[in-house]
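Peer 1:
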Amino acid sequence: MTEQKPAALSSEVASEGAKSADAPAGTFDGSRRKVPLLETLSIRHVESADGRAVFTITVEEKHCRTMGLLHGGVTATLLDTCMGYAAVSVAPPGHYVVTVQLNVNFTRPVKLGDTLRAEGT
Numbered sequence: 751m752t753e754q755k756p757a758a759l760s761s762e763v764a765s766e767g768a769k770s771a772d773a774p775a776g777t778f779d780g781s782r783r784k785v786p787l788l789e790t791l792s793i794r795h796v797e798s799a800d801g802r803a804v805f806t807i808t809v810e811e812k813h814c815r816t817m818g819l820l821h822g823g824v825t826a827t828l829l830d831t832c833m834g835y836a837a838v839s840v841a842p843p844g845h846y847v848v849t850v851q852l853n854v855n856f857t858r859p860v861k862l863g864d865t866l867r868a869e870g871t
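Residues in the sequence shown are numbered from 751 upward in steps of one, following the numbering used here.
1. CA-CA distance, residue 820 and residue 861?
2. In terms of alpha-carbon separation, which member of 840, 845, 842, 823 lies closest to residue 854?
3. Note the first and the last residue of the continuous alpha helix (DSSP H) segment covering residue 822.
4. Roughly how many angstroms separate the alpha carbons of residue 801 and residue 836, rounded to a whole number?
5. Tell me whether the beta-carbon of residue 852 lies closer than 8 Å to the beta-carbon of residue 806.
6. Determine the DSSP secondary structure at residue 871, reduced to helix, strand or coil.
7. Could you check the C-alpha separation between residue 833 and residue 841 for me, to the nearest Å?
8. Roughly how many angstroms separate the alpha carbons of residue 813 and residue 845, rounded to a whole number?
9. Could you give the distance in angstroms between the alpha-carbon of residue 816 and the alpha-carbon of residue 847?
10. Under 8 Å between the Cβ atoms of residue 829 and residue 868?
11. Return the residue from the list 831, 864, 871 that minimises the CA-CA distance to residue 786.
12. Name the two residues that bound the continuous beta strand (DSSP E) containing residue 797.
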């Protein structure tokens, strides 16, 4: 087995990250950079606290694949985002949180007009 080491960040990424890392861990005071993908998908940030985050999405036509069902990638994005916000809320200042692996088991379809609520802890 090989030793795993954290990847180095490019100076551009580190510089951008430093801007959003200025806020103390556990705070979401608006100083963190907005994520255009979340705006595009209409994923709403409901709340965040130490080690917890809540996001919702109401399924629109733009989220659907055939037969008016939610695309699985949108569900995965909702889950990944929620987990990330919960994790970063307890990370030390200046540290980054990234997803290494994400597995989603879909148990039933989500339809146009349904609202999903994700709670990450």
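Every residue gets a Cβ at the ideal spot worked out from N, C-alpha and C, and that includes glycine.
Peer 2: Working from what's here:
1. 6 Å
2. 823
3. 822 to 838
4. 5 Å
5. no
6. Coil at residue 871, not helix or strand.
7. The alpha-carbon atoms of residue 833 and residue 841 are separated by roughly 12 Å.
8. 32 Å
9. 34 Å
10. The answer is yes: Cβ separation under 8 Å.
11. Ranking 831, 864, 871 by Cα distance to residue 786 puts 831 first.
12. 794 to 799
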